[in-house]
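The block underneath contains the structure these notes are about, expressed in structure tokens.
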Amino acid sequence: AGRHRVAVVGGGSAGISVAARLRRAGVTGITLIEPSDTHWYQPLWTLVGGGQAPLRTTHRPEGAVIPDGVRWIRRRALAVDPEARTVTLSGGAELTYEHLVMAPGLQLDWDGVPGLAEAVGHDRVSSNYAPEYAPRTWDLIKGMRSGTAVFTHPATPLKCGGAPQKIAYLAADHWRRRKVLDAIRVILVLPDPAMFKVPAWSQVLEKVAARYGIEVRLRSEMTAVDGGAREITIADHTKGTTETIGYDLLHAVPPQSAPDWIKAGPLADRESPQGFVAADRHTLQHPTYGDVLALGDVANLPTSKTGAAVRKQAPVVAGNLLDVMSGRSPSHRYDGYTSCPLVTARDRMLLAEFDYDLDPTPSFPLLDPFKERRTMWLFKRYGLPPLYWHGMLTGRL
Ligand code: FAD
């Protein structure tokens with residue numbers, strides 16, 4: 013497949029944002045490796061599952077988001093050899109690069125919990141983490157009048173750490189409005205000792221959960237699903253016990269890791285149990301291979317994996333790539349910024365924004381970030397999607 017000046021692996025939020033920024037800076041010879049013909053705006057999947065947005069508003073044809081002047085190879089990357097500077101593609105071809113941007117996202121490990129792969133999509137089990145299931149979450153929520161609803165969060169790093177609980181609040185608020193919440197036992201299973209990494213937001217979320225009567229199980233995880241029997245096993249790591257609970261609705265979030273071909277490869281960070289790609293936390297440059305930069309969900313960075321983080325990482329990667337291309341050392345720095353739009357009701361949201369030090373970094377400094385707001389919900393539903401399609405993906409924002 014010839015020699016390529018800049019190869020970008022993955023045409024999701026991260027790959028497209030970086031390619032667009034490089035094109036704006038006048039870089040030529042950019043090749044995008046992306047097997048899918050669909051580009052997804054995943055942050056809306058929570059609202060799809062909550063019955064507040066149609067799935068069709070969450071995707072566009074991949075070809076429509078690839079910047080002009082970028083060559084698209086519709087293949088899957090199978091391996092990278094950073095010594096030889098080659099990428100092996102599905103179909104067997106090999107591509108040689110001068111600079112490489114790694115942005116293939118992460119992998120959903122449905123097999124990581126016994127029984128989950130078999131049950132998801134049937135047996136009253138759904139997940140907003142895949143577009144084929146997200147609409148089904150809403151069908152299950154709508155159809156429920158009584159019984160037990162369980163919402164789980166995996167014990168691995170995941171994309172959008174708030175998403176496993178947001179759907180619990182959307183569901184509980186729906187049931188409250190329908191006056192059936194009292195007849196439904198809602199259980200939220202979380203692996204950490206607190207509801208959120210930043211204590212101030214954690215305290216707000218405790219009140220939100222209490223308001224709906226949600227039973228929060230901290231330091232707990234779902235370790236098995238029996239879809240046929242409609243039962244799950246929950247391990248409680250504080251008590252050292254396991255419990256089997258019958259469910260009528262299960263919203264499961266699968267364990268997540270780097271794609272298998274990356275885990276096993278030379279770019280993986282040896283310190284990352286999930287095999288995420290090594291990258292300097294500030295420059296996003298690979299520590300061993302200076303011509304490789306990584307961002308987005310695949311990068312092993314000590315911050316929460318979100319599209320909002322990608323928005324701040326993309327200019328750093330594009331800027332540092334330009335530095336490296338002209339023989340300078342990387343001069344742009346990422347501070348760990350990430351943001352989690354915590355939807356807490358069908359018309360309310362908390363915008364949690366913070367950096368590597370877990371210090372709040374509000375985009376709207378005049379608004380108290382610990383208050384649930386209707387304006388923030390409107391911003392997520394109607395403001396952020398156009399900013400994504402027209403601002404972030406075109407390299408303007
Ligand atoms: P992706 O956008 O997932 O893109 C990866 C791309 O790589 C895909 O196009 C894929 O086809 C391609 N690819 C995969 N394998 C290969 C390969 N071998 N070769 C070539 N290409 C490959 N973020 C927020 O900021 N706010 C939110 O409210 C929010 N909510 C979320 C809710 C849910 C339910 C989910 C699932 C995610 C949410 N996110 C949210 C997270 C956000 O969507 C991701 O963090 C973001 O998409 C990461 O961008 P990325 O480019 O790294 O990965």
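For the sequence shown, UniProt numbering gives the first residue as 13, with consecutive numbering after it. Think of the CB as a built atom: it goes at the ideal place given N, C-alpha and C, for glycine as much as any other residue.
Which residue's Cα is closest to the Cα of G403: I28, R15, H186, L370? Comparing Cα-Cα distances from G403 to each of I28, R15, H186, L370, the minimum goes to I28.
Count the other C-beta atoms from every protein chain shown that fall within 10 angstroms of the C-beta of R148, then say buried if there are 16 or more, exposed otherwise. Residue burial annotation: R148 is buried, with at least 16 other C-beta atoms found within 10 angstroms of its C-beta.
CA-to-CA distance, P266 to G124, given in whole angstroms: A direct Cα-to-Cα measurement between G124 and P266 gives close to 7 Å.
Can you name the residues that DSSP bridges to D93? Assignment of beta-bridge partners to D93 by DSSP yields T98.
Can A280 and A291 be called in contact, C-beta distance under 8 Å? No, they are not a contact pair.
Taking 8 Å as the cut-off, decide whether the C-beta atoms of P116 and V310 are in contact. Yes, these two residues count as a Cβ contact at 8 Å.
Contact under 8 Å by Cβ, C352 with G174: Result yes, Cβ atoms of C352 and G174 sit closer than 8 Å.
Can you list, in chain order, the stretches of the beta strand (DSSP E) that have 3 or more residues and sit fully within the region 273–361? For the beta strand (DSSP E) assignment, the uninterrupted runs of no fewer than 3 residues enclosed by the region 273–361 are, from N- to C-terminal side, 304–306, 350–357.
Can you tell me where the beta strand (DSSP E) with T373 in it begins and where it stops? For T373, no beta strand (DSSP E) segment is defined, and its DSSP state is neither H nor E.
Where do the ends of the alpha helix (DSSP H) carrying L152 lie? Here the alpha helix (DSSP H) through L152 covers 146–155.
Is R231 helix, strand or coil by DSSP? Of the three classes helix, strand and coil, the one that applies to R231 here is coil, per DSSP.
Determine the contact status of T58 and V355, defining contact as a CB-CB distance below 8 Å. Yes, the Cβ-Cβ distance between T58 and V355 is below 8 Å.
Tell me the residue span of the beta strand (DSSP E) that contains R15. In the DSSP annotation of this structure, the continuous segment of the beta strand (DSSP E) that includes R15 starts and ends at 15–21.
Leaving out five residues before and five after E218 in sequence, what residues of the same chain have Cβ atoms less than 8 Å from its Cβ? For E218, the CB contacts under 8 Å within the same chain, skipping 5 residues up- and downstream, are M207, V228 in chain order.
Bridge-paired residues (DSSP) for V201: According to DSSP, which records beta bridges pairwise, V201 is partnered with T164, R229.
Just to confirm my understanding: we take Y301, look at its own chain, exclude 5 residues before and 5 after, and list those with CB closer than 6 Å. What are they? Result list for Y301: P94, in chain order.
Per DSSP, which residues does W84 bridge with? Please list them. L44.
If contacts are defined as beta-carbon pairs under 8 Å, then A26 and V322 qualify, I think. What distance do you get, rounded to the angstrom? Sure, about 5 Å apart at Cβ, within 8 Å.
Flag this pair as yes or no: are the beta carbons of S232 and P205 separated by less than 8 Å? No; because the gap between Cβ atoms is not below 8 Å, this pair is not in contact.
R157 classed as buried or exposed, judged by whether at least 16 other C-beta atoms fall within 10 angstroms: The residue is exposed, with fewer than 16 neighbouring Cβ atoms inside 10 Å.
Determine the burial state of R35: buried for a count of at least 16 other Cβ atoms within 10 Å of its Cβ, exposed for fewer. By the C-beta density criterion, R35 is buried, having at least 16 other C-beta atoms within 10 angstroms.
From I244 to T250, what distance separates their C-alpha atoms? If I take the Cα positions, the gap works out to 18 Å.
May I ask which residues mark the beginning and end of the beta strand (DSSP E) holding H71? Segment 71–73, the beta strand (DSSP E) holding H71.
Would you say L67 and P176 are within 8 Å of each other, going by their C-beta atoms? Judged by their CB atoms, L67 and P176 are not nearer to each other than the 8 Å cut-off.
Taking only the alpha-carbon atoms, compute the straight-line gap between D380 and G395 and give it to the nearest angstrom. Their Cα atoms are separated by approximately 19 Å.
Report, in whole angstroms, the separation of the C-beta atoms of L120 and K317, which I expect to be a contact under 8 Å. Actually they are not in contact, since the Cβ atoms of L120 and K317 sit about 13 Å apart, beyond 8 Å.
Using the beta-carbon count (16 or more within 10 Å), is P166 buried or exposed? P166 is classed as buried because its beta carbon has at least 16 other beta carbons within 10 Å across all chains shown.
Do W213 and L44 have their C-beta atoms within less than 8 Å of each other? No Cβ-Cβ contact shorter than 8 Å links W213 with L44.
Compute the distance between the beta-carbons of residue 436 and A89, then report whether it is under 8 Å. Residue 436 lies beyond the stretch modelled for the chain, which goes from 13 to 409, so this question has no answer here.
Given the structure, does D309 come close to ligand 1, in the sense that its CB is under 7 Å from one of the ligand's heavy atoms? Yes - ligand 1 has a heavy atom lying nearer than 7 Å to the Cβ of D309.
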